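Worksheet: one structure, shown below.
In my numbering, the protein residues as written are 6 to 85.
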């Protein structure tokens, strides 16, 4: 990678990544603010994060995970 074109391409890629990382940080800060706002309104952020994670999952994967969780809870004598 000694030619100027390759060096310039590399620099441009790095700069794009850096900009995207900065945007990602801004979005993460915005999400954190929403959770704080929800908490101030009486909602539980931990539970909300769990719901967000579950909604991202494929329906079949979520059902399989919930069934396995129920099986483990039953095996340990927890309420199902």
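Positions of the beta carbon are idealized from the N, C-alpha and C atoms, including for glycine. Note that the coordinates shown come from a computational prediction; the quantities given were computed from them, not determined experimentally.
- Assignment of residue 83 by DSSP, reduced to helix, strand and coil, places it in the coil class.
- Residue 36 has its alpha-carbon roughly 24 Å from the corresponding atom of residue 20.
- When the beta-carbon positions are compared, residue 74 and residue 67 stay at least 8 Å from each other.
- DSSP places residue 34 inside the alpha helix (DSSP H), whose first and last residues are 9–45.
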